[in-house]
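Enquirer: Counted the way the numbering used here counts, the sequence shown spans residues 5 to 123.
Glycine residues also receive a C-beta, built at the ideal position from the N, C-alpha and C atoms.
Take a look at the following structure, please.
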Amino acid sequence: MAKILIVDDAKFMRMTLSNILRKANHEIVGEGENGQEAVELYRTLKPDVVTLDITMPIMNGLEAVKAIKREDENAKIIMCSAMGQQKMVVEAIEAGAIDFIVKPFEESRVIEAVNRALM
């Protein structure tokens, strides 16, 4: 069981991810709505894995990946993106994200990404 932080500006997306991950016996330790919250919650909660949306207000997912990786180079971050955001996904991977999942979420792919992150 992993401790997971879910960050997405859309409550529905957080709920969807949360339900998928809870079914797979993971613990959701926190939820955030923007990149700034992601960085603050990461600091406080020290989750095993973070799922981060790319497009968010205040601080986007790309900036949040960089900020979290500056504080903890071993942070395991999975990006969540809508179709057509490939360029930003590539930048996020280059910045230190370890994987990405595409919306709408496919349950098996989400679980596979998290399990791979934990290896």
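Suppose the cutoff is 8 Å on Cβ atoms and the five residues either side in sequence are ignored; what does the same chain contact list for K73 look like?
Expert: So the list reads A79, I81, A99 and G100, once near-sequence residues are dropped.
Enquirer: Return the chain-ordered list of same chain residues with a C-beta closer than 7 Å to the C-beta of E67, the five sequence neighbours on each side being excluded.
Expert: Closer than 7 Å at Cβ, skipping near neighbours: G39.
Enquirer: Around the Cβ of P112, are there at least 16 other Cβ atoms within 10 angstroms (buried) or fewer (exposed)?
Expert: Residue identity check: residue 112 is Ser in the sequence provided, not Pro. Exposed, by the Cβ-count rule.
Enquirer: Determine the DSSP secondary structure at G88, reduced to helix, strand or coil.
Expert: Coil.
Enquirer: From M17 to K50, what does the alpha carbon distance come to, in whole angstroms?
Expert: For M17 and K50, the distance between alpha carbons rounds to 22 Å.
Enquirer: Check whether the Cβ of V94 lies closer than 7 Å to any Cβ atom in chain C.
Expert: Absent here is chain C; the protein component of the structure consists of one chain.
Enquirer: Between which two residues does the alpha helix (DSSP H) holding T48 run?
Expert: That run of the alpha helix (DSSP H) goes G39 to L49.
Enquirer: Determine the extent of the beta strand (DSSP E) in which T55 is found, giving its start and end residues.
Expert: Note, T55: beta strand (DSSP E), V53 to D57.
Enquirer: For G36, write down the residues that DSSP places opposite it in a beta bridge.
Expert: Per DSSP, V11.
Enquirer: For the beta strand (DSSP E) containing I102, name the first residue and the last one.
Expert: Neither: I102 is in no beta strand (DSSP E) and is coded neither H nor E.
Enquirer: If you compare alpha carbons, which of N119, V69, D13 and D57 is closest to R47?
Expert: The shortest Cα separation from R47 among N119, V69, D13 and D57 belongs to V69.
Enquirer: Please report the straight-line C-alpha distance between Q89 and D103, rounded to a whole angstrom.
Expert: If I take the Cα positions, the gap works out to 14 Å.
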